[in-house]
Structure formats: C-alpha cells, structure tokens
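There are 2 protein chains.
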Amino acid sequence: MTPTGLEALIEALRCLPGVGPKSAQRMAYHLMQRERKAARVLGESLLHALDVVRHCQRCNTFTEGDLCERCSSAHRDRELLCVVETPVDMNMMEQTLSYKGLYYVLMGRISPLDGIGPRELGLDRLVARALDGEVREVILATNFTNEGEATAHYLTAMLLPKGVSVTRIARGVPVGGELEYVDSGTLAQAMRERRVLPE
Amino acid sequence: MTPTGLEALIEALRCLPGVGPKSAQRMAYHLMQRERKAARVLGESLLHALDVVRHCQRCNTFTEGDLCERCSSAHRDRELLCVVETPVDMNMMEQTLSYKGLYYVLMGRISPLDGIGPRELGLDRLVARALDGEVREVILATNFTNEGEATAHYLTAMLLPKGVSVTRIARGVPVGGELEYVDSGTLAQAMRERRVLPE
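Shown next as structure tokens:
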C-alpha cells in the first residue's frame, strides 16, 4: 500500500495543468527519492506565493504591490492600452522592445465551453480602465484562436460605442516564413490584408 | 517584471521531472489564477510528505512506519524476494495477484551516465537482506532496458557466489501480442527461450 502522506501528495500534484495520475505518481516518487531539498523549497514557494501574489489594480497582471512595475512607471505611453490574454503574452510583447504603452491582462479569454463569458472575465473592469480619459487607443492582442478572436470581437463591440479607438494586431505570414509551409487560412488573410507599399 | 514570489515559484517548479521553464511558468500562472486552494493543499502536502515519508527498513520502499505493510504482513511468503526498480514496479507486480512473496525496491537502477553505480544504489543492503537466512530465491524483476539488464547482471554476480538461488522474470512476446508488431529483439529472445510444452 502507498503510505497516506504520499497518496495525499500524489493527489495534490494533479492540480498542475497536464498532470494525470501516472505523472503525479512519478513526480511524487521523484521528489521523495531524489529532490527532497527542492521539494521543500517548492512547498514553501507555493505557500509564500499564495500569500504575496495578487493582481495589479490597473492592468490585472500578477504583482506583489497595489500596482505592477509597468503601471507605476513614468516612462510608458499612457495613451496606448494593449489587451492580452495572459502575463506570458505580455512578456512576449515586451520582448519585442517595440511597444512602450500600457497593458491590460485579461487572465483568460471568452470560452463558452469552459463556462467563461464576459462576466467571468471581468470585461467591465477593462472598459472602465479604457475610459479613464488618458487612453486614446486600445490595441487588441488576444490570440488568433477561435476564443481569442471571439474575445476581440466582443471587446470591439463594447468599446467602439464608447468612442475609444480600437485596433487589432496584424495577421499574416510570419517573418522568415515560407509560403509553402504557411496554412492556407493565414495565406488568404495575408492576401486580404495586403498593404500598399510606399513609392 | 514578474514579481519575486512568482519568480521563485516558477524556479521551484522546475524540480519536477520533465518540467522546463515554459511549463513551469504555465503551471505557476495557472495555480495563482485558477487553483489557489489546490495550490495551498499541494504546498502543505509536500511539506507533510517530507516530514512523514521514509524508507521501509526491510524492503526500502516508501512508508511512514519502520516497516511497510507488506514487510510486516504475516501472509507473505518470506522465502521469495522480488527485486524491482521502483515502488511503481512493485505496485504493477502486486496488481497481477500472482506473487505473494516479499520485495526489495532499489529506488533506481545502475546508470553510469547518471553517476549511479552499485554503491549509490546501496546494493550491499539488498545482499544483506537476501542473506537473512529465510530468503530461498531472489527474483530479479528490473526493467528490460540496458540499465535494468546491467543491474540484473550485477546483482546475479553478487548473489550467486553467496549460494542464493537467483531467477529473472521471463522475456518474450506480450500476452495478446501479434508477432507482426513485436520488435525483432523480443522475437529472437522468445525463440531462444522457448519452452517445451507438456504432453
């Protein structure tokens, strides 16, 4: 019989995304056998993070204060508000070094199958944020999946009547991409949204 | 910037087997956003398991007492000692309902590439266990991988000179297996180790 403390750990590990019963068992045995010190650090980090990590009151990303570093920075363009699904997406955008405005992190996307609608996402808070008087343009940078597109459409419908300018990041062939390997939906979109080149 | 408590959690999650930087980040965000209660349970289970889980003094598997349930049971055949690599392998063997002897769990296998030799595995303890006077047959049930086979060879060389009877579980075509889909190494082995059928 597996001992009780170990059984409880195996069960608890299943809250991790993508971890089923077999992986949970493997992880638990691995931690108990080879990584006891790291396992203690993990347990303590979890409890510590739960204590200190909360949401930025302006952009909704994770932070430990009332405002995250970006929202409290004096060096960001407060007229631009980029809407992303997750903090990871925000980091990806930051890594491009091409955007100096602020963000709003939805922490999800509209997904009726998972029971996540506009209310569950708290889209009202985003609308209030976009209408603070400073924001001039809301840039929708949700994913180009069905859920991300639905979220973008919904947000457009909410924001346009309020007189905010709304844009969507461009779709098309990736930089360095070869037409041969791009799916036809992307290629059709790239054709439809072609740009006039400057003379 | 990612907040510090969250960064520490992401780093700590990487002690889990098969979890790289991207998965660790995904897991941390998921826990903080959607699974706070489960994350607390996980943190506490980890610390609790580290406190209570140790090794059975006879068979080396995980247990919370001095001896595991099997080693302290009066209903097992104490003349048979089955050597397996992990507690999972022991559970698999138990599920067959075909073995009523005792076990010794190596908690690993000889793996020179990972710096795990006979000494690191503590094979001396297994030899001492096999020579307790009660054990009549040591059944090697390590995996049929290179490492498992090497471990079995090494154990055979250690145990045979001490006068213990050593056996190895059978290799061959799996039950329900079709020859067409069995690899040729297995098939060759099944041919070499063919049995004489009773009249």
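Chains Z and B supply the protein sequences, listed in that same order.
Residue numbers for the first sequence follow UniProt numbering, beginning at 1 and rising by one.
Residue numbers for the second sequence follow UniProt numbering, beginning at 1 and rising by one.
Glycine included, each C-beta is placed from N, C-alpha and C at the ideal position.
None of the values given here were measured: they were computed from a predicted structure.
Distance between B/R40 and Z/G108, taken at the CA atoms: about 22 Å.
Shown here, Z/D183 sits in coil according to DSSP, grouped into three states, outside any helix or strand. Annotation: B/P112 to B/A152 spans about 14 Å, alpha carbon to alpha carbon. The residue from B/Y181, B/N146, B/A130 and B/G117 with its alpha-carbon nearest to that of B/L102 is B/A130. Counting only unbroken stretches of 4 or more residues, the alpha helix (DSSP H) elements lying wholly within the UniProt domain "Toprim" (79-174) of chain B are 87-95, 118-121, 123-130 and 146-159, in sequence order. For B/H48, the closest Cβ of chain Z is nearer than 7 Å. DSSP links Z/H55 through a beta bridge to Z/F62.
Listed by position along chain Z, the residues whose Cβ is nearer than 7 Å to that of B/A128 form an empty set, because the closest Cβ is around 21 Å away.
Its chain contains T63, L67, C68 and C71 as the residues whose beta carbon lies nearer than 7 Å to that of Z/C56, once the 5 sequence neighbours on both sides are disregarded; these appear in chain order. Taking CB atoms only, Z/R40 has a neighbour in chain B less than 7 Å away. Per DSSP, the continuous alpha helix (DSSP H) segment holding B/H30 begins and ends at P21 to R34.
The beta carbon of B/E134 sits closer than 8 Å to those of R78 and E79, all from its chain and outside the five residues before and after it, given in chain order. Neighbours of Z/H30 in chain B, taken as residues at a C-beta separation under 7 Å, are given in chain order as P17. Taking the C-beta atoms as reference points, B/L121 is found nearer than 7 Å to B/L106.
Not flagged as an interface residue toward chain Z: B/G185, since no C-beta distance is shorter than 7 Å. The residue from B/H30, B/K162, B/I169 and B/Y181 with its alpha-carbon nearest to that of B/A128 is B/K162. Beta-carbon to beta-carbon, Z/S165 and Z/E137 are separated by about 5 Å, close enough to satisfy the 8 Å threshold.
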